[in-house]
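Trainee:
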Amino acid sequence: MKRKILFLFSSLLLTFSSFAQPTTPANVMASQESTSSAKVKVTWSDLTITGDPGQEDGFVVVIKNASMMTVDSARVGVGVTTHTTFASVPAGTYTVTVQAFQGNGSPNPYVYRPVAPTPVSVTIANFVFGQHNLSVELDQTTNNSAFFQWDATQSQSIDGFDFTLVDLDAGTSSTRRIPFQNSYQWNNLSGNTRYSARIVPVKGAVFGNQSNTVFFTTKPNAPRPPSLQLLKNCPDEILWRIIPQSGDIIEEYVIQKAFSAGGPWIGLGSRAPYEPYLSDGETDINQGVNTVFYRVIAYNETGNSISSVAQAVPNKYTGPPAPVGVFGDELTPSSITFKWTNPVTDTECSTNIIREIAYRYSVNGGPEVLGGLFPGETSFLIDGLNMKDTVKFEIWYFSTQGLISPISESTARTLGPPDAPTNPGLFGFVDSLGNYVIRIFAIDAAEDEDGFEFFIGTSPELASLKSAGKTKFVNGTGGDVFFFQKPLEEGVKYYYAIRAFNYLGPGNFTKVLTNNEDNFTQAPTSPFNLKATAGAAGVVLTWRDDSNREANFVIERAAGGTTTWTKVGEVGRNILTYTDATATAGAAYSYRVIAVNPIGSSAPSKVATVGTVAETQGIVGVYPNPTTDMLNIKMPEKYDGTKGSIMLIDKNFREIFKSDVKFNAEGTSLDMTKFPEGMYNVIIITDDYKYSKKVQRF
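All letters in the sequence shown, in the order written, are residues 61 to 758 by this note's numbering.
Structure, rendered in structure tokens:
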């Protein structure tokens, strides 16, 4: 038995001796957790090296009051170097010890390190226990203030509170020390701003527990006056856009109008802030009211404001603008297409929208034709016309309200021969060669001519005038048209006319002009190549004319072998033959011819001598001479019913015409229009007779 006890004791000694003593904690410190907490916070340093035989398994923290009664004891694990009491402790002075230990209880006991040589002392302030319940009274919150309340129950008296307000939108805070009370109003806040608030009780230099944090938003500031922007100004609607000032919070707009700037104001209803448009479609807008006034009142829960007065003069319904640029186009001899551009109209308000196009036209001032076209048409064809018809075309619009536009018009003519030149005239002058020249002129009145043609004749009848030439040029409207006639037969009264022509034909003539026939400039030159031939009808004389200045020719005769000259006949200008039917049979005669005019006489031609036949056969008539168209030939009565021939010889002595004829009492006609203008010899031949006559074709 004794041996067993000794063995057990030896085992216990062995067990205790196998544990090394843990290292004593160092730097033990104790303090009140914070100014708003009555808990004790303890910290220390662990000097044990990990893995040492003396490595502790944890620490025991003991807090005792002034009576050395334990008020808190806690065991913490290895490596932990701090501990805070679970609950607050009353105000007072406390002793704190920290011990390291090894082991974790049964079956091995704890091995404690001795208590630190000097226990740590800590003083806990006299403190209000419990947390104050803070609230904000939203029904008393405005755009610039908030009212707070909290419970003021306490176990000990305090000095007051530190009240902290945080502007969550701006990220700033402000703290105020307020006396002990259970409510507070914070003023000078910003409108429509998020805030948070809390309070902390204060006694001396010690702070109590922080209250709960409350969050709230101030009400918005009263809106500032909005503005109005005119979007639509129509007879049936005036539309405004309501523009609030930046940052303003609007709950409702109230809209009013008046017919004078000072009212009275008529309510038009209200609008939500997401409907910022004011539309006035009442019919009184266009009933003689010149100006309408509007204003808007902006509301929110804080207040309201009134906009400045805006005004509008409603657009009125009007007729459409006139058609633009009406003109005649695509002209033909029988049709004209009138074209135009439709104007821009008011598509926003439809004050002058075109409903129908109306037109009327007249041809050459005749009856008017009326009609209508669909809106949008830009051309109208008028056909079935004659050449050079003048068409007056008028066009206008009717609006959707029945109002009429101004009338636009245009005048155009169908194609055809050009108009006659205007203001025709002429004058004569002597050129540098001594020739008398006539200048014919007029003013071009057409725009479509290809040129002009000049006509001349010795008769005032247009039908008797013959073309004197064409000019293939176009001067354009208003330009001069002119033509020179030279050489001119002096002393002849000529008639002139001008007309324009184009590919569609000639136009009308100008009025017929005439020159002054008394326009001789000097005495004529002598005839030449005088020949005398005895024939059955008498002595036939022929000569050549070297002048355009004679008025007529005087034929003189002298008996054979004498120089006593006697006038036996006279013929007109350009007549180059004469038959002396008074010659005595069997007698010999000498002849000469003198050209005369009012200025004087030429020298006599050279003398031609001839003898007569035994018997005269009568006189051949050839007329008119000069001629423009038909040349009449009348033979003596004895040749009625006989056959013969007529020949025409040109100035180059070429036979250009020959025809067999049967002569009769009415005479025979030769159409000279087939031949160019100039001098010709007509030769008449029968079985027993040959006659030659010089004629001029104009």
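Ideal placement from N, C-alpha and C gives every residue a C-beta, glycine not left out.
Give the range of the beta strand (DSSP E) segment to which residue 616 is assigned.
Mentor: Counting from 1 along the sequence shown, the entry for residue 616 is found at position 556. Here the beta strand (DSSP E) through residue 616 covers 612-619.
Trainee: Is it true that the CB of residue 136 sits closer than 7 Å to the CB of residue 118?
Mentor: Looking up residue 118 in the sequence shown gives position 58. Looking up residue 136 in the sequence shown gives position 76. In this structure, residue 136 lies closer than 7 Å to residue 118 by Cβ.
Trainee: Can you tell me which of 281, 292, 370 puts its alpha carbon nearest to the alpha carbon of residue 321?
Mentor: Locating residue 321 in the sequence shown gives position 261, where the first residue counts as 1. Here the closest residue by C-alpha is 370.
Trainee: Within 10 angstroms of the Cβ of residue 525, are there 16 or more other Cβ atoms? Answer buried if so, exposed if not.
Mentor: What you label residue 525 is simply residue 465 of the sequence shown in a count that begins at 1. Buried, since its Cβ has 16 or more Cβ neighbours within 10 Å.
Trainee: Would residue 215 be called buried (16 or more neighbouring beta carbons within 10 Å of its own) or exposed?
Mentor: The count along the sequence shown starts at 1 and reaches residue 215 at position 155. Any reading at residue 215 needs caution, since the residue's pLDDT is 44, under 50, leaving its predicted position unreliable; the model's value is listed next. Looking at its Cβ environment, which holds fewer than 16 other Cβ atoms inside 10 Å, residue 215 is exposed.
Trainee: Going by DSSP, what residue range makes up the beta strand (DSSP E) through residue 690?
Mentor: One-based indexing of the sequence shown puts residue 690 at position 630. Segment 690-694, the beta strand (DSSP E) holding residue 690.
Trainee: Select from 294, 231, 209 the residue whose C-alpha is nearest the C-alpha of residue 223.
Mentor: One-based indexing of the sequence shown puts residue 223 at position 163. Nearest of 294, 231, 209 to residue 223, Cα basis: 209.
Trainee: Would you mind working out which of 458, 181, 559 sits nearest residue 466, comparing C-alpha positions?
Mentor: Locating residue 466 in the sequence shown gives position 406, counting from the first residue. The shortest Cα separation from residue 466 among 458, 181, 559 belongs to 458.
Trainee: Is there contact between the segment 596-605 and the segment 620-639, where contact requires at least three CB pairs shorter than 8 Å?
Mentor: Yes, they touch.
Trainee: Closest to residue 507 by CA distance: which of 361, 480, 624, 325 is it?
Mentor: Here residue 507 corresponds to residue number 447 of the sequence shown, with the count starting at 1. Closest option to residue 507, Cα to Cα, is 480.
Trainee: Counting pairs of Cβ atoms below 8 Å between the segment 384-402 and the segment 279-295, do you hit three or more?
Mentor: Touching, no.
Trainee: Would you call the segment 497-515 and the segment 419-433 in contact, with 3 or more CB pairs under 8 Å?
Mentor: At 8 Å Cβ cutoff, the stretches do not touch.
Trainee: Excluding the 5 residues flanking residue 566 on each side, which residues of the same chain have their C-beta closer than 7 Å to its C-beta?
Mentor: As a position in the sequence shown, residue 566 is number 506, starting the count at 1. So the list reads 477, 513, 559, once near-sequence residues are dropped.
Trainee: Might you give, ordered along the chain, the residues of its own chain that have their beta carbon closer than 8 Å to the beta carbon of residue 488, omitting 5 neighbours on each side?
Mentor: Stepping through the sequence shown from its first residue, residue 488 is reached at position 428. Cβ neighbours of residue 488 beyond the five flanking positions: 496, 497, 498, 499, 548, 575, 576, 579.
Trainee: Which term fits residue 674, buried or exposed, when burial requires 16 or more other beta carbons within 10 angstroms of its beta carbon?
Mentor: For the purposes of this step, residue 674 is identified with residue 614 of the sequence shown, where counting begins at 1. Its pLDDT being 47, under 50, residue 674 is placed unreliably in this model, and the value from its coordinates should be taken loosely. With fewer than 16 other Cβ atoms within 10 Å, it is exposed.
Trainee: Helix, strand or coil: which one does DSSP assign to residue 699?
Mentor: Here the question's residue 699 lines up with position 639 in the sequence shown. If DSSP states are grouped into helix, strand and coil, residue 699 belongs with the helices.
Trainee: Residue range of the beta strand (DSSP E) that residue 371 falls in?
Mentor: Taking the first residue of the sequence shown as 1, we reach residue 371 at position 311. Counting along the chain, the beta strand (DSSP E) containing residue 371 begins and ends at 370-372.
Trainee: By DSSP's criteria, residue 290 is part of a beta bridge. Which residues make up the other side?
Mentor: The residue given as residue 290 occupies position 230 in the sequence shown. Beta-bridge pairing links residue 290 to 300.
Trainee: So, helix, strand or coil for residue 802, using DSSP?
Mentor: What is shown of the chain runs 61 to 758, which leaves residue 802 out entirely.
Trainee: For residue 581, which residues from the same chain have a beta carbon less than 8 Å from its beta carbon, with the 5 sequence-adjacent residues on both sides left out?
Mentor: The residue you call residue 581 lines up with position 521 of the sequence shown. Here the set comprises 490, 494, 496, 550, 609, 659.
Trainee: What does the alpha-carbon distance come out to for the pair residue 328 and residue 232?
Mentor: As a working mapping, residue 328 is identified with position 268 in the sequence shown. As a working mapping, residue 232 is identified with position 172 in the sequence shown. Each residue's alpha carbon lies about 45 Å from the other.
Trainee: Quick one: is residue 688 buried, meaning 16 or more other Cβ sit within 10 Å of its Cβ, or exposed?
Mentor: Here residue 688 refers to the residue found at position 628 of the sequence shown. Buried, by the Cβ-count rule.
Trainee: Below 8 Å on the Cβ atoms is my contact criterion, and I expect residue 184 with residue 262 to pass it. Report the Cβ-Cβ distance as a whole number of Å.
Mentor: Working through the sequence shown from its first residue, we reach residue 184 at position 124. Working through the sequence shown from its first residue, we reach residue 262 at position 202. Actually they do not touch by this definition, with Cβ atoms about 17 Å apart.
Trainee: Compute the Euclidean distance between the alpha carbons of residue 570 and residue 735, then round it to the nearest angstrom.
Mentor: As a first step, residue 570 must be located in the sequence shown, where it is residue number 510. As a first step, residue 735 must be located in the sequence shown, where it is residue number 675. So the two alpha carbons sit approximately 26 Å from each other.
Trainee: Keeping to the same chain, check which residues put their C-beta closer than 8 Å to that of residue 107; ignore five residues upstream and five downstream.
Mentor: Position 47 of the sequence shown, counted from the first residue, corresponds to residue 107. Result list for residue 107: 83, 84, 85, 86, in chain order.
Trainee: Quick one, which of 230, 589, 267 has its alpha-carbon nearest residue 250's?
Mentor: On the sequence shown, position 190 is the one that residue 250 refers to. Out of 230, 589, 267, 230 has the C-alpha closest to the C-alpha of residue 250.
Trainee: I need the straight-line Cα distance from residue 189 to residue 260, nearest angstrom please.
Mentor: Numbered from 1 along the sequence shown, position 129 holds the residue referred to as residue 189. Numbered from 1 along the sequence shown, position 200 holds the residue referred to as residue 260. Bear in mind that a pLDDT of 46 at residue 189, under 50, signals an unreliable position, so the model cannot answer this.
Trainee: Count the CB pairs spanning the segment 717-736 and the segment 698-708 that are closer than 8 Å, and state whether there are at least three.
Mentor: Yes, the segment 717-736 is in contact with the segment 698-708.
Trainee: Taking the C-alpha atoms as reference points, what is the distance between residue 511 and residue 682?
Mentor: On the sequence shown, position 451 is the one that residue 511 refers to. On the sequence shown, position 622 is the one that residue 682 refers to. About 38 Å.
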